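Counting along the sequence shown from 1, when you hit position 156 you're at 144 in the numbering used here, and nothing is skipped either side.
Reading through the structure tokens given below for one structure.
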Amino acid sequence: MTTRPRGAAHRVQTLVHDPALRMILGWIAIMALITLVGALGFTWIEDGWSFFDGLFMAVNVLATVGFSGDHPLDTLGKLWTMLLSFISVAFVFGTVGVMAEALLQRASSGNRKRRRMQKQIDQLTGHFIICGYGRVGSMVARELTAEGHDVVVIDIDQTSTARAAEDGILTVPGTATEDETLVNAGVQRARGLVTCVDSDPDNVYVVLTARSLNPDLFIVGRAGSKEVVRKLRQAGANRAVSPYVMGGRRMAQLAVRPGVVDFIDAAMSNTELDFSMEEIPVLEGSRLVGMTVGDLRARGIFTLAILMESSQYDHRPQDDRLIEPGEHLIVSGATETLRAIDEHV
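Given below as structure tokens:
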């Protein structure tokens, strides 16, 4: 992912490249130029007029106030006044037309971008949907994209969707509690959904809606309390997480066994070591079915545990233990070896 400028410099760069802002600045510059030329014209034409007198008259004419002041105009001055009036009216009407055209072009351009992005989303399968692009959602998106997964962000806030788009992530504007929004994000074809909006009731409702649209979807919900954790599980979430509980638990583990935590982080990130840990689902018809734990060991894959269909763990599988469909293997080994296995299951 490309690195983008952030902070004040990024905002200034965005404003400078904004067509609407450039048009407004251009309008102000041209209006100031016309006013200056008008003031100089009055100063030159009318005898005894100071620059301020000319500027005062030019502003009155361009603003269509009609107040001529204490200085009567001669014939040439009146002609100059009429010329300025025509220029002012023509410029104002021309500006209105150009701005209307620019607004229509922007709306049309936005619709084209939205349709183009929707086509990209419609082609995705096995992707992840993130509901809410706040501090938690953006971190989830960063981790998933770093591992090479396709991500679609749903957020009702235009600022958040714009920030996600800047980060190179596909977006769907709207509320994730609505069926249409989730369908537009490809929920029926998605591998998983993470809902981390700020409202606990909304997170519960997102889980209910997503589960009704895709019974096989793996759903992770953000909870603000233990009570909400229970409700998210009842609504259909496979996992419910409280960032506060998880953060406190992680800090405690770092204080007690920092080396273990750092090693697991490195193994899970697939970046610092040529070694990783993965969860491999064993599907019906997979080539893993019928193999033994020893067969995997011979290929350099170490089975740490097996999550059985009963949701129980076999945490010390023996070499002669057969692998059965519906199980999930918790394995470790060389990153490339695990990736090759994961791509052919």
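Beta carbons are placed, not taken as given, at the ideal position from N, Cα and C, and that holds for glycine.
Note that the coordinates shown come from a computational prediction; the quantities given were computed from them, not determined experimentally.
From the listed residues GLY82, VAL86, LEU50 and ASN226, the smallest Cα separation to LEU72 is found for LEU50.
Annotation for ALA286: the continuous alpha helix (DSSP H) segment containing it runs 281 to 286. The C-alpha of ARG309 is placed about 31 angstroms away from the C-alpha of VAL208. A straight line joining the alpha-carbon of LYS214 with that of SER230 spans about 8 angstroms. In this structure, TYR121 lies near THR149, with their beta-carbon atoms less than 8 angstroms apart. Here GLY180 carries a strand assignment [DSSP, helix/strand/coil].
Note: ILE109 is not bridge-paired with any residue in the DSSP secondary-structure output. Between the region 261 to 272 and the region 317 to 327, the count of Cβ pairs shorter than 8 angstroms is three or higher; the stretches touch. Take the alpha-carbon of ILE109 and the one of ALA173: they are about 6 angstroms apart.
The continuous stretches of beta strand (DSSP E) do not include ALA322, and DSSP gives it neither H nor E. Comparing alpha carbon positions, the residue from MET127, LEU170 and VAL171 closest to ALA152 is MET127.
Here DSSP, grouped into helix, strand and coil, assigns GLU297 to coil. Secondary structure at GLU267: strand, using DSSP grouped into helix, strand and coil. Per the DSSP secondary-structure output, LEU310 pairs in a beta bridge with THR280. According to the DSSP assignment, ASP167 belongs to the alpha helix (DSSP H) that extends over 167 to 172. Annotation: ASP138 to VAL47 spans about 58 angstroms, alpha carbon to alpha carbon. In this structure, ASP188 places its C-beta atom within 8 angstroms of the C-beta atom of VAL216. Listed in chain order, the non-local C-beta contacts of ALA293 below 6 angstroms within the same chain comprise TYR301, HIS303 and ILE318, local neighbours out to five positions each way being set aside. DSSP places ALA46 inside the alpha helix (DSSP H), whose first and last residues are 39 to 50. PRO203 sits in coil when the DSSP states are folded into three classes, being neither helix nor strand. The shortest CA-to-CA distance from VAL281 to any of GLY273, ALA254 and GLU315 is the one to GLU315. For ALA228, there is no enclosing alpha helix (DSSP H); the residue is found in the beta strand (DSSP E) stretching over 227 to 229. Within the same chain, and ignoring the five residues on either side of ARG285 in sequence, the residues whose Cβ sits closer than 7 angstroms to its Cβ are ASP307. Here ALA198 is not near VAL233, since their CB atoms are 8 angstroms or more apart.
Around the CB of MET45, 16 or more other CB atoms lie within 10 Å, so the residue is classed as buried.
In the three-state scheme derived from DSSP, where H, G and I count as helix and E and B as strand, ARG210 is classed as strand. VAL141 is not a Cβ neighbour of HIS115, given a cutoff of 8 angstroms. In this structure, ILE118 sits near GLY125, with a CB-CB distance shorter than 8 angstroms.
With fewer than 16 other Cβ atoms inside 10 Å of its own Cβ, ALA88 counts as exposed.
With a cutoff of 8 angstroms on beta-carbon distance, PHE206 and ASN191 are scored as not near each other. The three-state reading of DSSP puts ILE144 in coil, since its state is none of H, G, I, E or B. Taking 8 angstroms as the cut-off, the Cβ atoms of LEU276 and ILE252 do not count as close. Within the same chain, LEU276, VAL277, ILE311, GLU312, PRO313, GLY314, GLU315, HIS316, LEU317 and VAL333 come within 8 angstroms of VAL270 by CB-CB distance, once the 5 residues on both sides are set aside.
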